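A short write-up of the structure that comes next.
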Amino acid sequence: QKEVEQNSGPLSVPEGAIASLNCTYSDRGSQSFFWYRQYSGKSPELIMSIYSNGDKEDGRFTAQLNKASQYVSLLIRDSQPSDSATYLCAVNKPEAGGTSYGKLTFGQGTILTVHP
Amino acid sequence: DAGVTQSPTHLIKTRGQHVTLRCSPISGHKSVSWYQQVLGQGPQFIFQYYEKEERGRGNFPDRFSARQFPNYSSELNVNALLLGDSALYLCASSPPGWGRYQETQYFGPGTRLLVL
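Residue numbers (this note's numbering), protein chains in the order written: chain A, 1 to 116; chain B, 117 to 232.
Okay, here's the thing in C-alpha cells:
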C-alpha cells in the first residue's frame, strides 16, 4: 500500500464546474497535509495547507480533512482552463519524539483538465 | 522578493559521472530540502538541512550527499550516476521556526538532469 494515494486521472471538468480531487494516506500519525499545483514542466506551487479536521477555504479552493477516514480532498470552484495542471497531495508525519520537520510524502498526482 | 533559486536549469551527464546541483533558499529561510521527481511521479524526499545540520534523509543510496553553507545555500551531490538518476531535482526552503513552519515547503524551479 502506498503511503499517499491519488487517482492519477486525468480528471476532466467543464469550465465553471467544481473539480474534486481526492487523496488517502496510510499513516494515522500524519498531522499536516498540503496541496500543491504543478504545471507541465514547472515545479510544484503550494496552494493550501490543512491541519485540523473539517474544511478550510481560500478563494476558489477548499481543502477538506477527515483524519478518521485518512482522507484529504481539494475542491476547486468555478474551474478555469488555467487550473489545468497536476495536483499533488503531500503529507507530513512527526518523527519519533514528536519532532516535525520538512519531510513531505507526496502522492503521484492527479492530472486535471478544465475544458472551455 | 526572490524565490528559491537553483542552478543549473538543465544538465546532461553520462553514466558514472558526478554531478553537483546548487540551491539558494528564500531570503530569511534557514532550511533547505531536496527532492527527486521522476516523470509521472510525485517528488521523493532526499534530504533536509537546517542551520547546516542534516535533519532528515530519505531512502536514497550513499551516492547522494548534500551540505548546507553558512549563507544557507545548499549543494546536492550525486556520484557514479546511473540512468535511473534522470529526473527533476527540486530544492525547497522553509520559513524559520519549528513544527508547521518547517513542514511548509516552497519549491524552486528545479534542475532537470538527464543521464545518458
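We put the CB at the ideal spot given by N, CA and C, even for glycine.
This one's a predicted model, so the numbers in the text were calculated from it and none came from an experiment.
- For the segment 121-144 of chain B, the set of positions with a beta-carbon nearer than 7 Å to some beta-carbon of chain A is empty.
- Cβ contact annotation for Asp201(B) (same chain, cutoff 7 Å, sequence separation greater than five): Val194, Leu229 and Val231, in chain order.
- Judged by their CB atoms, Gln108(A) and Ser8(A) are nearer to each other than the 7 Å cut-off.
- Put simply, the backbone Cα of Val154(B) is about 12 Å away from that of Gly41(A).
- Counting of Cβ neighbours within 10 angstroms places Ala68(A) among the exposed residues, the total staying below 16.
- When only Cα atoms are considered, Asn66(A) and Pro10(A) end up about 24 Å apart.
- In the displayed model, Leu199(B) falls within a helix according to three-state DSSP.
- Within a 10 Å sphere around the beta-carbon of Ala182(B) sit 16 or more other beta-carbons, which makes this residue buried.
- Chain order gives the chain A residues near Gln157(B) as Phe106, Gln108 and Gly109, where near means a beta carbon separation below 9 Å.
- Around the beta carbon of Gln6(A), a 10 Å sphere encloses 16 or more other beta carbons of the protein chains shown; the residue is thus reported as buried.
- The beta strand (DSSP E) runs lying completely inside the segment 150-225 of chain B and spanning 3 residues or more are 160-166, 169-173, 180-184, 190-194 and 203-210, given in chain order.
- Against Lys103(A), the close residues of chain B are Ser149, Phe161, Gln164, Gly172 and Gly174, in the order they occur along the chain (beta-carbon pairs closer than 8 Å).
- In the DSSP assignment, Ala19(A) falls within the beta strand (DSSP E) that extends over Ala19 to Tyr25.
- When the five nearest sequence neighbours on each side are left out, the beta carbons in the same chain lying within less than 6 Å of the beta carbon of Phe34(A) are those of Ser49 and Ala90, in order along the chain.
- One alpha carbon belongs to Ser20(A), the other to Ser30(A), and they sit about 22 Å apart.
- With respect to chain A, the C-beta atom of Glu219(B) has a partner C-beta closer than 7 Å.
- Residue-level contact check: Leu88(A) touches chain B, since one or more beta carbons of chain B fall below 7 Å from its beta carbon.
- By the C-beta density criterion, Leu74(A) is buried, having at least 16 other C-beta atoms within 10 angstroms.
- Contact annotation: in the segment 66-92 of chain A, residues whose CB is within less than 7 Å of a CB in chain B are Leu88 and Asn92.
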